[in-house]
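Below is one structure, written out as structure tokens; comments come after it.
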Amino acid sequence: LSPGQQGSAIIGVASTKDTAKVNSYLKRADIRSLLSGDLRYVRFAWGKEDKRNPGILELYALKSNRDNTPPLSGSVITGANEAFDQMGKPSVEMQMNGKGAQIWEDMTGKAYTTQSNIAIVLDNVVYSAPGVTTGAIAGGRSQISGVFDVSETKDLANILRAGKLPASADIVQSEVVGPSLGQEAIDNGILSSIVGLLLVSLWMIVYYGKAGWYANVALAVNLLFLFGILASLGAVLTLPGIAGIVLTMGTAVDANIIIYERAKEELRLGKTLDEAIKASYSWRGAMSSITDANVTHVLTGLVLLIFGTGPVKGFATTLLIGIFTSLFTSIFITRMMLDWSVNRGDKLRFVTDMSKNWFTNFHYDFLGKKKYTYIFSSLVVIVSCISFAVNGLDQGVDFVGGRTFQVKFEKPVAPDVIKEELAQVFGSADAKVFGDASQLRITTKYKVEEPGIKADEEVNKLLFETLKKHYTSGITYDQFTNTFEGKKIGVLQAAKVGPSVADDIKTNSYWAVLGSMAIVFLYLMISFRRWQFSLGAIAAIAHDVIFVLGIYSLCYKFMPFHMEMDQHFIAAILTVIGYSMNDTVIVFDRIREYLAGKTKGNFHDIVNRSINTTMSRTINTSLTMILVLLIMFVFGGESI
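This is how it looks when you write it as structure tokens:
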């Protein structure tokens, strides 16, 4: 925070990204005691961002009273419009009613005498703080002039005309993340990205040799494009967004894998390297599979973008951009390098001496074992349904409403003890280990339906009074609740979701899952022109989703990490739907190719042959995805 000009209404300026830190400092009693006498009992508010000074906000000190009410509310303004002053500069004229005019005359007279300013504030944002240059203003008609342009005078006139809103704005959903926790999550996300990138790159080199190097160059360009597009859009990188970037790295090489595996097949048929590459990039080669797989990804990503809220939209945005950048780099960048290699006379084999016999010559009768898979899948579905009925799912506050607090203690604490203590003041509460044993995730529905800040402050004070005995350092209420840089103990993160928002999230989640399945069904029916393909794909998706839900239902009570059903969980389910289609579409595409090519054999043989010939693609695309997911699980932390 830099000091403002002497005698100005502005007491300081700060970068937009630092305002939360300044706010946390100004709330601390020890810091407020250091302020001069005329500032100690005022209310602080930030000004509206000036387009002439982007990224910089001005801090104002507003004279307050016991009730924290302004001398004049917007209800006294009867009219406001943009105009021009005597010098031809843009200004704003406003008119007040009789009661307001009397108070206004007294206010402007005092402001003129003391050479102070009058602030125009809406939603705790100072839109203007003009001084009084002509003495007390009688009659209620005033003109505000200054360094305005026409658009700014229109905005200010609209603010004044808005008057006092008949309904107050209540916070029904909020989330506060402390800077220390946020930085830790960012560090974990960056570490996951780096390790995931290295592992995927290493696998591509080990398996494909020089062609793997080309894929890695395309992957690096892909990430460069992805970050460039996000920066140009002014997108805010959230934790789910970081997860989307890590997943993009796992899938970015999928198209390369499909192309390379097709090229290996063409080479085994006796084609030259140039012919094999051209055949792989043809529609009858790998392009139809790549197109169908990525269209289903885009469709599920769009559903997530439409029905998701908050950070989930960041995940969907990153995922969608990553799909398009991956397609571009895999199809164009890699193709340029492959053609360059052919022109140089290089002998690309798309294998190494180590990997040349890996995942080849599969001749397994998959359909011959279908009875066993039917039995296994039926058992999975039955056990999952029983678990749903008995255990249910651990629904987070996103689905049922409530408050959550991530609280860090000085030493390990027993969740059951904390849960019992909080239940005595909140009626009901839950406490679970979140990360290490000295950190708990506390959930309660206490007064979540009551609007206003008073209810939030009451909950915070009850939480502090109940838990302060577990701290030996004599932590204060401000230290416990406020977020500031370097905070190690107390509330690191807090979130509130009102019942109405929770109902909306739950409804949107159901529609998102069902809508994505319906869209995929229609697309596959159009693409493959047989409803049987669509029905088979939807059956596979439903099986995978039920399997994942069943695992969650069976394990959430005893796993050492939280397995809540929230917005991020729904995003993960939609991601499962998208990636579940990858291998299904590749196999379907090979079946379509064999049927169109009049391949000998009955349908049973064609399906078996299609699965066997695409097995190397399935293993490689699944392996790269599993690698990045494992890295996210190990290094990503609780937030990811």
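Heads up: the sequence shown begins at 3 in our numbering, then just goes up one per residue.
The C-beta atom is built at its ideal place from N, Cα and C for all residues, glycine as well.
Predicted model, so just to flag it, every value in this text is computed and none were measured.
With a threshold of 16 other CB atoms inside 10 Å of the CB of residue i, please say whether the residue is buried or exposed.
i      : result
Leu167 : Residue confidence is low: Leu167 scores 44 on pLDDT, short of 50, so the model does not pin down where it sits. Its coordinate-derived value is still stated next. Answer is exposed; the Cβ neighbour count stays below 16.
Ala131 : buried
Ile628 : exposed
Val392 : exposed
Asp189 : exposed
Tyr525 : buried
Ser153 : exposed
Met561 : exposed
Gly492 : buried
Ala169 : Bear in mind that the predicted position of Ala169 carries a pLDDT of just 45, short of 50, making it unreliable; the figure below should be weighed with that in mind. Exposed, since its Cβ has fewer than 16 Cβ neighbours within 10 Å.
Phe378 : exposed
Lys315 : buried
Glu459 : exposed
Pro92  : buried
Asn604 : exposed
Tyr210 : buried
Lys101 : exposed
Glu467 : exposed
Phe635 : exposed
Gln1   : Since the first residue of the chain shown is 3 and the last is 642, residue 1 is not available in this structure.
Ser430 : exposed
Met89  : exposed
Lys456 : exposed
Ser66  : exposed
Thr474 : exposed
Which residue's Cα is closest to the Cα of residue i: the options?
i      : options                        : result
Arg351 : Glu267, Tyr374, Gln569, Asn160 : Glu267
Met98  : Thr620, Thr116, Gly76, Asp108  : Gly76
Asn55  : Ile613, Ile621, Leu64, Val15   : Val15
Glu60  : Pro73, Phe330, Val127          : Val127
Val78  : Ile420, Thr331, Tyr473, Gly141 : Gly141
Leu124 : Thr135, Gly90, Ala159          : Ala159
Gln145 : Ala431, Thr110, Tyr596, Ala295 : Thr110
Tyr512 : Glu459, Asp568, Ser529, Asp546 : Asp568
Thr293 : Leu306, Ile260, Thr80          : Ile260
Tyr581 : Gly90, Leu631, Glu422          : Leu631
Gly476 : Thr80, Glu412, Arg143, Val609  : Glu412
Asp432 : Ser440, Asp438, Tyr448         : Tyr448
Ser118 : Trp106, Ala138, Ile633, Val134 : Val134
Gly246 : Ile325, Ala265, Ala539, Ser536 : Ile325
Ala85  : Thr155, Leu537, Gly394, Ile196 : Thr155
Lys372 : Asp438, Lys19, Thr483, Val609  : Val609
Gly398 : Lys65, Thr446, Asp151          : Thr446
Glu566 : Val578, Ile553, Lys349         : Ile553
Tyr50  : Ile122, Thr375, Ile33, Ala103  : The question names Tyr, yet the displayed sequence has Lys at residue 50. Ranking Ile122, Thr375, Ile33, Ala103 by Cα distance to Lys50 puts Ile122 first.
Rounded to whole angstroms, how far is the Cβ of residue i from the Cβ of residue j, which I believe are closer than 8 Å?
i      : j      : result
Ile323 : Leu232 : 7 Å
Val344 : Leu235 : Going by Cβ atoms, the distance from Val344 to Leu235 rounds to 37 Å, so no, they are not a contact pair.
Ser661 : Glu263 : In the structure as shown, the chain starts at 3 and stops at 642, and residue 661 therefore has no counterpart that could be examined.
Val44  : Ala63  : 4 Å
Phe407 : Ile384 : Not quite, the Cβ-Cβ distance comes to about 38 Å (not below 8 Å), so this is no contact.
Asn258 : Thr336 : 6 Å
Ala539 : Val550 : Contact doesn't hold; Cβ gap of about 17 Å is too wide.
Ile621 : Ser194 : 23 Å between Cβ atoms; not a contact.
Val219 : Met356 : Incorrect: roughly 21 Å between the Cβ atoms, too far for contact.
Gly394 : Ser291 : So it is not a contact: roughly 39 Å between Cβ atoms.
Asp396 : Lys29  : So it is not a contact: roughly 34 Å between Cβ atoms.
Quick one: is residue i near chain C, going by C-beta distance under 9 Å?
i     : result
Val78 : Structure shown: chain C not included; a single protein chain is present.
Following a CB-centred definition, is residue i positioned closer than 8 Å to any heavy atom of the ligand NAP?
i      : result
Gly324 : For the ligand NAP, the structure offers nothing, since it holds no ligand at all.
Flag this pair as touching only if the stretch 518-527 and the stretch 284-304 have three or more C-beta atom pairs under 8 Å; answer yes or no.
-> yes
Please go through the stretch 26-106 and give each complete alpha helix (DSSP H) segment of 4 or more residues, from N-terminal end onward.
-> 31-34
Can we say the stretch 269-286 touches the stretch 566-573, given the rule of at least three CB pairs closer than 8 Å?
-> no
Ignoring anything shorter than 3 residues or poking outside the stretch 393-461, list the beta strand (DSSP E) runs there in chain order.
-> 404-410, 432-436, 438-446
Fully enclosed by the stretch 256-305, which alpha helix (DSSP H) runs are 4 residues long or longer?
-> 256-270, 275-282
Just checking, does the stretch 369-389 make contact with the stretch 412-421 on the three C-beta pairs under 8 Å criterion?
-> no
Segment contact flag, the stretch 457-469 with the stretch 12-26, C-beta cutoff 8 Å, min 3 pairs | no
At least three beta-carbon pairs within less than 8 Å, the stretch 332-348 to the stretch 576-592 | no
Looking at C-beta atoms only, is the number of pairs between the stretch 249-259 and the stretch 329-341 that lie closer than 8 Å three or more?
-> yes
Could you pull out every unbroken alpha helix (DSSP H) segment of at least 4 residues lying fully inside the stretch 588-635, listed in chain order?
-> 605-615
The stretch 355-365 / the stretch 527-546 touching (three or more Cβ pairs under 8 Å) = no
Give, in chain order, every unbroken run of the beta strand (DSSP E) that is at least 3 residues long and sits entirely within the stretch 497-570.
-> none
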